[in-house]
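The next block holds one structure in the form of structure tokens; read it before the comments.
Residue numbers (the working numbering): 87 to 259.
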């Protein structure tokens, strides 16, 4: 979001611990969405929580706002085995884009080793997102590097015709 550059992710984790933002002071248990908002604000990234729709999410992305969504991780990671709807929003991830032509949402998911540029169907994303009442954390400032950037066009093989950008909530270089 908005130029935040984190060269040492451990510093961000340490700051979250200092602020008491981790659930039960245990990083393995994560943090709440409001606490993520607090951490980003602390790091100079003005943002706010809101509930949305797939259309309002797409509008935010098209305008260049950074967006993180709260989802039910089981519906993203294990769609074939999550047969019982548990309405358990337990994970947040960055929404990098929506490609309506291919019917996919493009995610940057820190909970998956292959989560950068992870593509899931719009329907699968909406089902997982609805468990949080479609809650999203939206940057208050437009990132000019994101404004107007649509997902890369695909060629006849279904692959992006140009290299994919490194989508993320912050540059963890």
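C-beta: ideal position from N, C-alpha, C; glycine also.
None of the values given here were measured: they were computed from a predicted structure.
- Counting only runs of 3+ residues, the beta strand (DSSP E) found wholly inside the region 89-163 occupies 133-137, 153-157, in chain order.
- In the DSSP assignment, residue 225 forms a beta bridge with 133.
- Apart from the 5 residues on each side of it in sequence, residue 211 sits with its Cβ closer than 6 Å to the Cβ of 191 in its chain, given in chain order.
- Excluding its 5 nearest sequence neighbours in each direction, residue 153 has C-beta neighbours in its own chain below 8 Å: 143, 146, 147, 180, 181, 222, 223, 224, 225, listed in chain order.
- Here residue 105 is exposed. Its C-beta has fewer than 16 other C-beta atoms within 10 Å.
- Straight across, the Cα-Cα distance linking residue 202 with residue 178 is about 13 Å.
- Sequence-distant Cβ neighbours of residue 150 in its own chain, meaning closer than 6 Å and more than five residues away, are 228, 229, 232, 233.
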